[in-house]
Every structure is written in structure tokens, then in C-alpha cells.
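Last residue of the sequence shown? That's 208 in the working numbering, and every number before it is there in order.
C-beta atoms are modelled at their ideal positions from N, C-alpha and C, and glycine is treated no differently.
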Amino acid sequence: MPRRRGTISVAGPYDPGGYGTYIQLEADTGEQIQMGHLSETWVGKGTHVQVGDEIGATGNTGSSTGPHLHLRIHSGGAVDPVGFLKSVGACDTGASVAPAPIFAPALDAPAPNPVESAVGDTVTVSEGDTLFDLASTRGKNWQEVWAMNAWITDPDQIFVGDVITF
């Protein structure tokens with residue numbers, strides 16, 4: 043399989059929409075790959091990278107309740123990151139340690155925290171929880187959970203101690 047390549051278009055503490063320290067990668071195949079909440083960036087705008095290059099470290103910057111990687115992939119619309127990363131051979135990048143290197147383009151974030159505080163149809167947010175992860179563990183998408191909790195004004199801003207209804 044040929045190695046996928048791309049060019050960094052944004053790298054640094056630009057914080058678009060609460061993502062904190064942020065990298066955006068323009069893949070040569072057309073995808074736009076965005077990574078947020080990083081603790082460090084190891085590349086700059088214009089850097090050419092390929093699958094496997096270390097480009098930054100997971101973090102807790104921006105609107106975040108704990109260290110993780112916020113990964114978005116677009117190609118004429120949202121793309122499932124797991125399927126995409128498997129297709130380019132970028133999922134098996136090794137064990138994660140804090141701060142863990144981010145591989146271009148790769149998902150190398152810690153596993154979501156187990157939901158230990160679930161009681162019936164609610165959960166109390168713990169450090170590191172995201173609305174996406176909490177919804178996924180219950181077979182829902184984050185938009186459904188956000189709609190069910192009208193008090194959440196920004197889905198990227200849930201805080202330790204918040205009670206989420208499912």
C-alpha cells in the first residue's frame with residue numbers, strides 16, 4: 043500500500059471553536075484531517091508529512107475535561123475516522139502514554155474512561171469524559187444526547203460533575 047502524505051495547513055494554539063492547540067492536515071488524497079486539544083505540536087504550517095510521522099502530543103487544551111485527541115476527518119462531508127485510519131494503515135500506532143505522540147494521520151488517544159457512575163438513565167461526567175464517548179458507550183450519537191440535555195449550550199463544554207441524561 044502506498045504511504046499517504048499531506049501538508050500541515052494549521053499548527054499551534056489557534057483554538058478554533060474550543061479545540062485548543064490544534065493541527066489541520068490537508069491529505070494529498072483530498073481529506074482534511076483536524077486534531078485538537080493537543081499539548082504540543084511538532085510541525086509547522088507547510089510541513090509535508092506521511093502516515094507514521096510524529097506531529098504532536100495528546101493534551102487537555104481548549105474546552106476539554108481531560109487529556110484526549112479530538113479527531114475530525116472531512117472529505118466532502120464527515121468521514122468515520124476508524125474506518126479511514128484502518129484503510130490507510132494508521133490505527134496500530136502503539137500504546138498510548140501521556141502525553142502520547144500523535145501520528146499523521148492517526149488516532150492515538152487514550153481509551154475512553156469506563157462509565158462507572160451510570161445509574162439508570164443518567165451519568166455524572168468524570169475527568170476525561172466527552173459527550174461523544176459517553177453517547178457511544180450507550181449506542182447513541184452525541185447529537186441525540188445533546189438534544190436530550192437542553193441545558194448543554196456547547197457539546198464541547200461538559201464539565202466534571204455534570205449529570206447527563208440518556
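Take V121, set aside five residues on each side of it, and the residues of its chain with a beta-carbon closer than 8 Å to its own are E73, I115, in chain order. In the displayed model, S178 falls within a helix according to three-state DSSP. P109 and L67 have their alpha carbons spaced roughly 21 Å apart. S117 and P123 have their C-alpha atoms spaced approximately 11 Å apart. Beta-bridge partners assigned by DSSP to H110: G101.
Between G78 and G104 the beta-carbon gap is near 6 Å, inside 8 Å, which marks them as a contact. Counting only residues of its own chain and dropping the five nearest sequence neighbours on each side, P197 has a CB closer than 7 Å to the CB of L173, W184, W188. Here T107 is not near V205, since their CB atoms are 8 Å or more apart.
Secondary-structure assignment with DSSP links D70 through no beta bridge to anything.
Under a 10 Å Cβ-count criterion, A53 is classified as buried, with 16 or more other Cβ atoms of the shown protein chains found around its own Cβ. Closest in alpha carbon position to H112, among H90, L80, A69, is L80. When the five nearest sequence neighbours on each side are left out, the beta carbons in the same chain lying within less than 6 Å of the beta carbon of G98 are those of I65, L80, E82, T83, W84, I144, in order along the chain.
Contact between G62 and G101 holds, with the beta-carbon distance rounding to 7 Å and staying under 8 Å. In the three-state reduction of the DSSP assignment, G125 falls in the helix class, which pools H, G and I.
DSSP lists H116 as the beta-bridge partner residues of A120.
Rounded to the nearest whole angstrom, the CA to CA distance from D70 to T164 is 43 Å.
The beta carbon of Y56 lies closer than 6 Å to those of Y64 in the same chain, with the five residues before and after it left out. Assignment of Q92 by DSSP, reduced to helix, strand and coil, places it in the strand class.
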